[in-house]
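*Asks:* Heads up, the sequence shown is in the working numbering, so the first residue is 3 and it goes up one at a time. No residue lacks a Cβ here, since even glycine has one placed at the ideal position from N, Cα and C.
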Amino acid sequence: MSAHDTQARTWGLKGWIALVLGAGILAHINGLRGVMLFDDTSGIVANTALRHLPDAVLGSSRPLTQLTFHLNILLGGLNPLGFHLVNLALHLANGVLLVLVLDALLSALGSMVVATRQRVAGLTALLWTVHPLTTESVTYIVQRAESLAAFCLLLTLFLFLRLRDGAPTSRRSVMLVACAAGMLAKPVMVVAPLLVLCIDRILTGTSLRDVLKQRSHLHGLLLATMLIVVTLALVPNESSSSVGLGGDLLAPWQYALTQTRVFVHYIRLAVVPWPLCLDYMWPASSVVAAIPSMAVVLLLLAGWVILWWKHHPLALVGCWVGLLLAPTSSVLPLADAAAEHRMYLPLVGLLVLPLLAGEQGVAALLRRGTSARRVAIVRVALRWMAIVTVAALMALTIHRNRDYASTERMWERVATVAPWNLRARVGLGCALYERGKLDQAEALFTDVAETLERQPLARGTMAATLASLARMHLGTLYLWRGDPTRAAAEFRLAVQHAPANGGGQKGLREAQRRLGE
3 MSAHDTQART WGLKGWIALV LGAGILAHIN GLRGVMLFDD TSGIVANTAL
53 RHLPDAVLGS SRPLTQLTFH LNILLGGLNP LGFHLVNLAL HLANGVLLVL
103 VLDALLSALG SMVVATRQRV AGLTALLWTV HPLTTESVTY IVQRAESLAA
153 FCLLLTLFLF LRLRDGAPTS RRSVMLVACA AGMLAKPVMV VAPLLVLCID
203 RILTGTSLRD VLKQRSHLHG LLLATMLIVV TLALVPNESS SSVGLGGDLL
253 APWQYALTQT RVFVHYIRLA VVPWPLCLDY MWPASSVVAA IPSMAVVLLL
303 LAGWVILWWK HHPLALVGCW VGLLLAPTSS VLPLADAAAE HRMYLPLVGL
353 LVLPLLAGEQ GVAALLRRGT SARRVAIVRV ALRWMAIVTV AALMALTIHR
403 NRDYASTERM WERVATVAPW NLRARVGLGC ALYERGKLDQ AEALFTDVAE
453 TLERQPLARG TMAATLASLA RMHLGTLYLW RGDPTRAAAE FRLAVQHAPA
503 NGGGQKGLRE AQRRLGE
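Laid out in structure tokens, this is it:
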């Protein structure tokens, strides 16, 4: 590359980085007003372990994330603003890294001129940074784990691509540290070494065996970092209740079946990101209902196999999306079948496809000898489409971030998008209670409890837990109203549904004390 090309490349990237930073701030700045809600309450506010450094990091599946929460509390207490500032800074850093990673990757593929690949890299990062589907990993504080792991993954990929490009081998240590840090941020980082290996295989144009022979030491060290996740998984931690243990978890085959429908839903949200939902409680899918989504997944999988076999660069899109979703959206059952934060980095693979198609379309017109005027018209049309799309996504993101400013508004949104989600109705009832809207809260709690009690309940199941919570909140409400008799009856039902409900037991003792029992 000539000195002129190098200078043009540098200034072009700086321009895109500035645009990504500016647009990202404008799109997410109102998210700084967000409150602590849902898992923020249990994971941060009520998590006393975060007040002490050893307790914060020991026995956790994501100690690095817990460490950042500890530092937030140490510096600014439980003020949500400090947490939001860190989350936003992480997201903006990820946007910058994404520009650099995509530019380096397209440069390694060598199929585009400097200006074109910068345009694809920059615009992809811009669309991703302001996309509403990323809000859950930015404004929902506890999902910092997702954006922190993403930062480590993008940094690992960038340093790897630089090493392939002839950068000093001393950067290998930094790359390994970045990869290991990601494993400490969130277990989903476990796929990072595999993604690096797939990228190396496509760029090299040989088999995986040959790639491992050529760079056995490098890939061996990266693969070794996966042992961190394995080691952390052997220790009881905060993820034990949501991954593979107890509760109402689906069988692996049924979870995989359900994930085909969830995956199609994710694709739809990537294209039309509205309405969004914080808590889906996605129901299990039957075989018949999953047939269309299974057909879509199998068709995409067959296309990827063909591209992979032919060493086509587009196979990387399938590797990117498939590997990044694999830990949460394959056969390992999780308590929640669908969650939008899982699409944080996989979204990149879906956004880059139309941009590549547009650039290939323009290149095809030039090869056919289309007049310069017509090509210019097409380019202007594509440019305006990009501008309108970025503006629309920013508007939707700003609108979405407003939901995070109020627990009541958020749970109203969830209850509207997922009316089957009784957990959302309990959350809305709690928000109404805190706002002094006692009659509305009472109606919601009563409806949830009676709905669940009409169904067979088993101790320890989600249904029993929700019924217990609803009855407990009703008991608290009646205590506040000065009716200990009704309160005691509600607390007894709460303990009956879930004997381990400490709040129900405490409330029952208080009600009995007031009754003189």
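Name the residue from Thr463, Arg437 and Leu476 whose alpha carbon lies nearest to the alpha carbon of Glu444.
*Replies:* Walking along the sequence shown from the start, residue 444 turns up at place 442. The residue with the shortest Cα to Cα distance from Glu444 is Leu476.
*Asks:* So for Leu278, helix, strand or coil by DSSP?
*Replies:* On the sequence shown, residue 278 is found 276 positions in, with the first residue counted as 1. DSSP places Leu278 in coil when its eight states are reduced to three.
*Asks:* Under three-state DSSP, which class holds Leu336?
*Replies:* On the sequence shown, position 334 is the one that residue 336 refers to. Looking at Leu336 - three-state DSSP - the assignment turns out to be strand.
*Asks:* How far does the alpha helix (DSSP H) with Phe162 in it extend, from its first residue to its last?
*Replies:* To locate residue 162, count along the sequence shown from 1; it is residue 160. It spans Arg146 to Arg166 - the alpha helix (DSSP H) in which Phe162 sits, taken as one unbroken run.
*Asks:* In the DSSP assignment, the alpha helix (DSSP H) including Thr262 goes from what residue to what residue?
*Replies:* Residue numbering aside, residue 262 sits at position 260 when the sequence shown is read from its first letter. Counting along the chain, the alpha helix (DSSP H) containing Thr262 begins and ends at Pro254 to Val273.
*Asks:* With a Cβ-Cβ cutoff of 9 Å, do Ser332 and Ala258 count as a contact?
*Replies:* Numbered from its first residue, the sequence shown carries residue 332 at position 330. Numbered from its first residue, the sequence shown carries residue 258 at position 256. Cβ atoms of Ser332 and Ala258: closer than 9 Å.
*Asks:* Are the CB atoms of Ala235 and Ser63 within a distance shorter than 9 Å?
*Replies:* In the sequence shown, the residue the question calls residue 63 occupies position 61. In the sequence shown, the residue the question calls residue 235 occupies position 233. Yes.
*Asks:* Gln457: buried (16+ other C-beta within 10 angstroms of its C-beta) or exposed?
*Replies:* Position 455 of the sequence shown, counting from 1, holds the residue named residue 457. Under this definition Gln457 is an exposed residue.
*Asks:* Between which residues of its own chain and Phe447 is the CB-CB distance below 6 Å, once the five residues before and five after are set aside?
*Replies:* As a working note, residue 447 is residue 445 in the sequence shown. Same-chain partners within the cutoff: Gly431, Ala472, His475 and Leu476.
*Asks:* Output the boundary residues of the alpha helix (DSSP H) element that contains Lys312.
*Replies:* Looking up residue 312 in the sequence shown gives position 310. Counting along the chain, Lys312 falls outside any alpha helix (DSSP H), and DSSP gives it neither H nor E.
*Asks:* In chain order, which continuous runs of the alpha helix (DSSP H) of length 4 or greater are located wholly inside the region 406–484?
*Replies:* Counting only runs of 4 or more, we get 409–419, 424–436, 440–455 and 464–482.
*Asks:* Counting only the same chain and skipping the five closest in sequence on each side, list residues whose C-beta sits under 7 Å from that of Val140.
*Replies:* Counting from one through the sequence shown, the residue named residue 140 turns up at place 138. Closer than 7 Å at Cβ, skipping near neighbours: His30, Gly33, Asn89, Leu90, His93 and Ser149.
*Asks:* In or out: Ala127 buried (at least 16 other Cβ within 10 Å) or exposed?
*Replies:* Working through the sequence shown from its first residue, we reach residue 127 at position 125. That one is buried.
*Asks:* To which residues of the same chain is Asn503 closer than 7 Å at the C-beta, ignoring the five residues directly before and after it?
*Replies:* The residue you call residue 503 lines up with position 501 of the sequence shown. Contacts found: Ser470, Met474, Ala496 and Val497.
*Asks:* Taking the alpha helix (DSSP H) that Val132 belongs to, which residues open and close that run?
*Replies:* Looking up residue 132 in the sequence shown gives position 130. Per DSSP, Val132 belongs to the alpha helix (DSSP H) from Val116 to Val132.
*Asks:* Which residues in the same chain as Leu108 place their Cβ atom closer than 7 Å to its Cβ, once the five residues preceding and following it in sequence are excluded?
*Replies:* For this step, residue 108 is matched to residue 106 along the sequence shown. Correct list, in chain order: Met114, Arg119, Val122 and Ala123.
*Asks:* If you follow the alpha helix (DSSP H) that Thr50 is in, where does it begin and where does it stop?
*Replies:* For the purposes of this step, residue 50 is taken as the residue at position 48 of the sequence shown. Note, Thr50: premise wrong, no alpha helix (DSSP H); not H, not E.
*Asks:* Among residues of its own chain, excluding the 5 on either side of Trp310, which ones have a beta-carbon nearer than 6 Å to its beta-carbon?
*Replies:* Counting from 1 along the sequence shown, the entry for residue 310 is found at position 308. The answer, listed in chain order, is Ala317.
*Asks:* When the Cα atoms are used, what is the spatial distance from His343 to Val354?
*Replies:* As a first step, residue 343 must be located in the sequence shown, where it is residue number 341. As a first step, residue 354 must be located in the sequence shown, where it is residue number 352. If I take the Cα positions, the gap works out to 19 Å.
*Asks:* Return helix, strand or coil for Ala502, following the three-state DSSP convention.
*Replies:* On the sequence shown, position 500 is the one that residue 502 refers to. Coil.
*Asks:* Could you have a look at Gly24 and say whether DSSP puts it in helix, strand or coil?
*Replies:* The count along the sequence shown starts at 1 and reaches residue 24 at position 22. Reduced to three states, the DSSP call for Gly24 is helix.
*Asks:* Using CA coordinates, which residue listed in Val132, Met38 and Leu73 is at the minimum distance from Val390?
*Replies:* What you label residue 390 is simply residue 388 of the sequence shown in a count that begins at 1. If we check each option's Cα against that of Val390, Val132 comes out closest.
*Asks:* Beta-carbon separation of Trp276 and Ala340 under 9 Å?
*Replies:* Position 274 of the sequence shown, counting from 1, holds the residue named residue 276. Position 338 of the sequence shown, counting from 1, holds the residue named residue 340. For Trp276 and Ala340, no; Cβs fall outside 9 Å.
*Asks:* Give the DSSP-derived three-state secondary structure of Thr208 in the structure shown.
*Replies:* As a working note, residue 208 is residue 206 in the sequence shown. If DSSP states are grouped into helix, strand and coil, Thr208 belongs with coil.
*Asks:* In whole angstroms, what separates the C-alpha of Met191 from that of Glu512?
*Replies:* Translated into positions along the sequence shown, residue 191 becomes position 189. Translated into positions along the sequence shown, residue 512 becomes position 510. So the two alpha carbons sit approximately 46 Å from each other.
*Asks:* What three-state label does DSSP hand Val98 in the structure shown?
*Replies:* The count along the sequence shown starts at 1 and reaches residue 98 at position 96. Helix, per DSSP.
*Asks:* Around the C-beta of Gly248, are 16 or more other C-beta atoms found within 10 angstroms, so that it is buried, or is it exposed?
*Replies:* Here residue 248 corresponds to residue number 246 of the sequence shown, with the count starting at 1. Only weak support exists for where Gly248 lies, its pLDDT of 38 falling under 50; the value from the coordinates is given anyway. Exposed, by the Cβ-count rule.
*Asks:* Could you spell out the range, first to last residue, of the alpha helix (DSSP H) harbouring Val354?
*Replies:* Position 352 of the sequence shown, counted from the start, is the residue given in the question as residue 354. Val354 -> alpha helix (DSSP H) spans Pro348 to Arg369.
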